Each structure stands twice: as C-alpha cells, then as structure tokens.
Amino acid sequence: MTAFSGKSIKDFEEWAGKTQKLGFDFIELLSEWPHYLTKASYRDFAEIVEGYRMKITVHAPFSDINIGAFNEKIRRAALEVLRETIEVAAEMNALVVTIHPGHRSPLSIKHQEKYLEIHRKSLRKIAAWSEEFGIKVGLENMPSFPILDAQSCERLAELVGDIDIGVTLDVGHLNTTTRNFDRFIQLLENRIVHLHLHDNRGDKDEHLPLGEGTVPWAQVIPKLPKVTWSLEVGGIESARKSLEFLRSLH
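To convert, take the position in the sequence shown, counting from 1, and add 250; that gives the numbering used here.
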C-alpha cells in the first residue's frame, strides 16, 4: 500500500481508486493539514475506503506536536490531538496508528533525565489509549535531523522500555542514521507493528521510490517482519515504481 498526503477529499477519492488498481490492499492516511482526521471529518474518508473495499492505517499528526514538551499546556494539547486520532482510527477499523516521538528543545538537552521522564509519561498515556480503543500504536524511528529524537534503535528501546506500545520501523529514516538494519530488527523485532518503506541517498530524508537510493533492499527485505508495509513515497507513480521494484526482488 501507499500513503496519501493530498489536499482534498476529491483528491483522496481519485487517489484511492488508483491505488486499488495498482493492487494495494490498504491505504495509509496522514492526518496533517489540510485534512486532519477528526471526529468531524473521518467519515468522509472512511466511506471512500469502504467503497473500494480497502483497509486503512493511520499516521498521526506530527507537525506542531511534541509529546516530550516541558510546557504542560503544550504537551497536554499534543496528547489531546493524539488521543482523538487514536479514537478515530479505531472507529475506522484502522490496522495501526503511527506516532512520532517528542523532539528536543534547549530545555530537554539541558535536563535529559527529566525529558526522558516526561517523554515516557506521555507514552504511557498513549499506550493506555491503544488498549482502551483496541488498536495497535507504533512509535516511529526518526531520520537524521538535529532536534529529532529516537534516531537509533537503542534510543527507541530506551523510550518504550517496559511500556506496552509498539514500534514503526521506518527503513528510509534508518538509512540516514545508523544504517544498522540488522541491529534494529534484532533489538526490536517483537515490538515492530508496522513498516514504512522509502529510499534516499543516505544524507537526508528524501522519500524516493524504492531502488533510487542507497538502501540495500535485497539484503533488508528478507529480514523484515511480516506486518503491514507502507510505501511512503512521493505519489502514485513513485508507488508504482516501488511496487515493481519489490516484485523484481522475488
């Protein structure tokens, strides 16, 4: 399947039809401006997907969201947004919800132990909502960028710890950081609930079609767990190229 990031419900209906014709069996909805998934809006998307007899995964909002914020009002607002997203995803019978970790600030860099405590407190709330609404949630590893957290599997493992929450492995993101795919899968395999697949040249998060960057797909693909796989690429044509590339590996 591939991920939708268009700008209107009309765009979505056309895009959903094209993804079905390509042979995808589910769609990943990115809940970002200008089409946040809310209690007021989700039914329009759900009806279209049901009409095509496809399933859904959801990527929760991440712009303006920081579950590791020291400012309690900001953190509370971020968590309220994520709670609504998880609840709506459950109403849509989504297979999984992907969330981003918190991101760093001058305060969190200076007070790292407190930041970890705050961060994990937020993740415990999210894990509780995952259980309450009966839907899997995966915390995603981040690409190389100064303020982003969870850029390594060791840091992601530290964040989730004993919290009952899953992990979304983003292969493209990992290619910009440690590139140690074997280590990530070895450490977190039992946690991985979802996969994001896209390519890049190793220095930035480009979301290229598979095979157009430096990810060693022939070595990585056979080791990936049997969970939902989402193509996070730039559009329908990039999705078609990526699907053909995946088929060429078998």
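Glycine included, every Cβ here is placed at the ideal spot set by N, Cα and C. Since the structure is predicted, the reported quantities are computational estimates derived from the model, not experimental observations.
Measure the alpha-carbon distance for Ala378 versus Ala340 and round it to whole angstroms. To locate residue 378, count along the sequence shown from 1; it is residue 128. To locate residue 340, count along the sequence shown from 1; it is residue 90. The alpha-carbon atoms of Ala378 and Ala340 are separated by roughly 14 Å.
Evaluate contact between the segment 485-492 and the segment 435-444, counting only Cβ atoms and requiring at least three cross-stretch pairs below 8 Å. no
His446 to Asp294 span [Cα, whole Å]: Here residue 446 refers to the residue found at position 196 of the sequence shown. Here residue 294 refers to the residue found at position 44 of the sequence shown. Roughly 25 Å between the two C-alpha positions.
Taking Cβ to Cβ, would you say Ile415 is nearer than 8 Å to Ser358? Residue mapping note: residue 415 aligns to position 165 of the sequence shown, counting from 1. Residue mapping note: residue 358 aligns to position 108 of the sequence shown, counting from 1. Not closer than 8 Å, so no.
Could you tell me how far apart the beta carbons of Thr288 and Glu330 are, in whole angstroms, since I believe they sit closer than 8 Å? What you label residue 288 is simply residue 38 of the sequence shown in a count that begins at 1. What you label residue 330 is simply residue 80 of the sequence shown in a count that begins at 1. That pair is no contact at about 11 Å.
Which of helix, strand or coil does DSSP assign to Ser480? For this step, residue 480 is matched to residue 230 along the sequence shown. Strand, per DSSP.
Host alpha helix (DSSP H) of Leu272 (start-end): The count along the sequence shown starts at 1 and reaches residue 272 at position 22. Counting along the chain, the alpha helix (DSSP H) containing Leu272 begins and ends at Ile259 to Leu272.
So, at 7 Å on beta carbons, what are the nonlocal neighbours of Lys375 in its own chain, with the 5 sequence-adjacent residues on each side left out? For this step, residue 375 is matched to residue 125 along the sequence shown. Excluding positions up to five away in sequence, the list reads Leu329.
Can you give the Cα-Cα distance for Lys454 and Gly388, rounded to whole angstroms? Mapped onto the sequence shown, residue 454 falls at position 204. Mapped onto the sequence shown, residue 388 falls at position 138. Roughly 22 Å between the two C-alpha positions.
Distance, Cα to Cα, His350 vs Ala310? Walking along the sequence shown from the start, residue 350 turns up at place 100. Walking along the sequence shown from the start, residue 310 turns up at place 60. Going by the C-alpha atoms only, they are around 8 Å apart.
Kindly identify the DSSP beta-bridge partner or partners of His285. Here residue 285 corresponds to residue number 35 of the sequence shown, with the count starting at 1. His285 pairs with nothing; no bridge assigned.
Which same chain residues, not among the five before or five after Pro459, have their C-beta less than 6 Å away from its C-beta? Along the sequence shown, one-based indexing puts residue 459 at 209. Correct list, in chain order: Val483, Ser488, Lys491 and Ser492.
Boundaries (first-last residue) of the beta strand (DSSP E) holding Asp420: Position 170 of the sequence shown, counted from the start, is the residue given in the question as residue 420. Asp420 -> beta strand (DSSP E) spans Gly416 to Asp420.
Along the chain, where does the beta strand (DSSP E) containing Leu279 start, and where does it finish? Locating residue 279 in the sequence shown gives position 29, where the first residue counts as 1. Here the beta strand (DSSP E) through Leu279 covers Phe276 to Leu280.
The segment 319-326 touching the segment 300-307, judged by at least three CB pairs closer than 8 Å: No contact exists between the segment 319-326 and the segment 300-307.
Would you kindly report the start and end of the unbroken beta strand (DSSP E) that includes His309? On the sequence shown, position 59 is the one that residue 309 refers to. His309 -> beta strand (DSSP E) spans Lys305 to His309.
Beta-carbon proximity check, His361 vs Pro393, cutoff 8 Å: Translated into the one-based positions of the sequence shown, residue 361 becomes position 111. Translated into the one-based positions of the sequence shown, residue 393 becomes position 143. Inclusion of His361 and Pro393 in the CB contact set at 8 Å is not warranted, their separation being larger than that value.
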